[in-house]
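Counting with the numbering used here, you get residues 73 to 486 for the letters of the sequence shown. The beta-carbon is built from N, C-alpha and C at its ideal position, and this holds for glycine as well. Owing to the predicted nature of the structure, the values given are computational and were not obtained by experimental measurement. Notes for the one structure printed next.
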Amino acid sequence: MVWRLLTSPYSNLLQRSSGCGRHDYGGWKRVRVALRHITSFCRAGSAGILPPILARVLIDITHDDVVNEESDESQTSSQDTFAYLPIPQTTMFSRNLKKLARNPILGARRHHGQGNGGLPTHFTLNSGDKIPSVGLGVWRAGKGEVGGAVKAALNAGYRHIDGAWIYRNEEEVGKALKDSGVARDQIWLTSKLWNSFHAPEDVEATLDDSLLKLGTDYLDLYLVHWPLALKKGSKKYDKELTDNQYPTWQKLEEMVEKGKIRNIGVSNFTIPKIEALRWNPLKIDPAVNQIELNYWFPQPDMLQWSKETGILLQAYSPLGSVGRVSESLNVPVVKEIAKVLKITPAQVLISWHVQRGTVVPPKSVTPSRIEENVHLTKLPDELFRKLEDAAMSHKPERGLNPSKEWGLDFDIFA
């Protein structure tokens with residue numbers, strides 16, 4: 073019904089109603105994203121609840137600049153609007169609908185706290201939660217060094233740690249977090265579900281293992297690490313669960329309902345793979361897609377698509393994949409911008425990523441570099457464009473593709 077409406081003559085009316093052109097990412101795109109969420113919400117109940125919710129969302133989008141300035145009393149009134157609708161009384165439905173009332177444009181990515189050299193300190197996810205724009209990546213951080221890196225990061229002001237079960241360092245990360253004295257609710261923690269545990273019956277036990285090692289009872293973000301499921305106790309891939317990620321996703325949604333995860337997302341997923349997942353009746357849309365993004369592999373199409381859908385991109389290998397970091401830091405245009413702005417080449421590249429609208433978790437175990445990487449500077453428009461053009465001027469080169477290493481007879485990114 074919703075998609076038929078979007079392609080009908082009424083779409084022009086909806087576009088005008090949305091206040092297209094008055095918002096950062098375009099009113100019409102925001103309507104499409106909001107409707108996508110409404111569709112997911114309404115699949116749990118009768119079609120009869122769609123029109124009043126649709127009307128409410130369109131009103132809120134048109135007046136979002138007013139809604140954001142409402143008093144507590146008027147915000148309560150906004151939420152009470154939904155109390156009179158025939159809404160299915162499920163925990164997930166109610167939780168999402170309350171977020172819709174608080175932040176009506178769920179798919180719109182908003183910048184918060186322009187305090188990091190003029191760049192956003194946080195991005196808002198489609199759930200309404202705010203994720204720090206820069207974090208510490210702990211991939212390849214070995215035993216005996218990752219704890220020191222986490223402590224150095226927290227001392228430098230980081231409040232975002234990006235890890236994974238397969239990194240095999242979560243226990244040391246957890247100890248460093250505990251020893252830091254920083255309150256749990258002040259730190260954004262991300263982990264990832266490894267390929268061996270996509271079977272729905274394995275998801276919760278694996279998540280619990282990460283929670284135990286990290287010393288927490290919830291994760292802020294949990295990602296499906298790769299769009300590849302392996303058969304239990306084997307390195308052979310499970311074709312059924314690889315081709316259809318929905319059963320795994322349903323279990324992750326259940327973990328959100330249980331309170332063990334705040335947000336769920338994916339990693340290394342292409343646009344077709346995300347679209348295939350979203351074709352299912354999801355209760356929760358992916359909040360994040362963590363992918364390789366750097367000067368050598370800038371992925372402009374994915375970046376644009378993510379902005380249209382409200383699925384935030386997170387850039388791994390932001391300074392270049394393994395073996396190319398030095399080459400990235402010595403790109404002439406990067407060095408030129410660093411000289412003009414009196415910052416380091418690494419700061420130029422990390423600032424560029426955040427300015428593009430992506431979250432960046434650069435990896436380092438060196439305290440001085442950890443400190444350096446969190447201090448950013450907004451690039452003047454002409455310098456930002458110059459770097460963007462340079463990144464687009466060469467053939468894109470992906471740095472990480474484990475398809476052959478894993479013995480696959482297909483390209484995992486195809």
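Residue i classed as buried or exposed, judged by whether at least 16 other C-beta atoms fall within 10 angstroms
i: M464; result: exposed
i: E242; result: buried
i: S440; result: exposed
i: L295; result: buried
i: N335; result: buried
i: H466; result: exposed
i: F482; result: exposed
i: E364; result: buried
i: K332; result: buried
i: G479; result: exposed
i: P372; result: exposed
i: P452; result: exposed
Per-residue DSSP class, three states only, for residue i
i: S306; result: coil
i: L208; result: strand
i: Q317; result: coil
i: K285; result: helix
i: K215; result: coil
i: S268; result: helix
i: K476; result: coil
i: V405; result: helix
i: S252; result: helix
i: Y367; result: coil
i: G395; result: coil
i: K411; result: helix
i: V426; result: helix
i: V431; result: strand
i: R457; result: helix
Same chain, Cβ closer than 8 Å to residue i, five either side skipped, listed in chain order
i: W260; result: I203, P204, G207, R231, H232, I233, D292 and L293
i: V254; result: L226 and R231
i: L191; result: S205, S423, V426, Q427, L448, T449 and K450
i: L391; result: N366, V397, S400, L401, A418, L421, I422 and P434
Own chain residues within Cβ distance below 6 Å of residue i, not counting five before or after
i: W211; result: Y239 and K435
i: P474; result: none
i: A155; result: Note that A155 scores 34 on pLDDT, short of 50, meaning its location in the model is unreliable; the coordinates nonetheless yield the value given after this. Taken in chain order, the list of residues that qualify is empty.
i: E454; result: none
i: K323; result: P272 and V275
Strand pairing of residue i, partner residues [DSSP]
i: D373; result: D373 pairs with nothing; no bridge assigned.
i: T262; result: D234 and L293
i: I383; result: None, per the DSSP bridge assignment.
i: I333; result: L291
i: N188; result: L191
i: N445; result: Partner(s): none; N445 has no beta bridge.
i: Q322; result: Looking at the DSSP assignment, Q322 forms no beta bridge with any residue, so it has no partner.
i: Y388; result: E364
i: S339; result: Q362
i: K311; result: Bridge partners of K311: none, in fact.
Proximal residues to residue i (C-beta, below 7 Å), its chain only, five neighbours per side dropped
i: K414; result: none
i: K285; result: E242, E243 and G246
i: E444; result: T416, A418 and Q419
i: L313; result: H270, A271, A301, P319 and T320
i: D144; result: At D144 the pLDDT is 34, less than 50, meaning the model places this residue with poor confidence and gives no usable figure here.
Contact check, residue i vs residue j, beta carbons under 8 Å
i: A224; j: I442; result: yes
i: A359; j: I343; result: no
i: S339; j: K264; result: yes
i: S389; j: N366; result: yes
i: S378; j: N352; result: no
i: G305; j: S393; result: no
i: P433; j: G209; result: yes
i: D315; j: H270; result: no
i: H297; j: A236; result: yes
i: D274; j: L283; result: no
i: P370; j: P468; result: yes
i: V328; j: I346; result: no
i: L459; j: I409; result: yes
i: A248; j: G219; result: yes
i: A221; j: V437; result: yes
Chain C contact for residue i (CB, 8 Å cutoff)
i: V431; result: Given the protein chain composition of this structure (a single chain), no chain C is represented.
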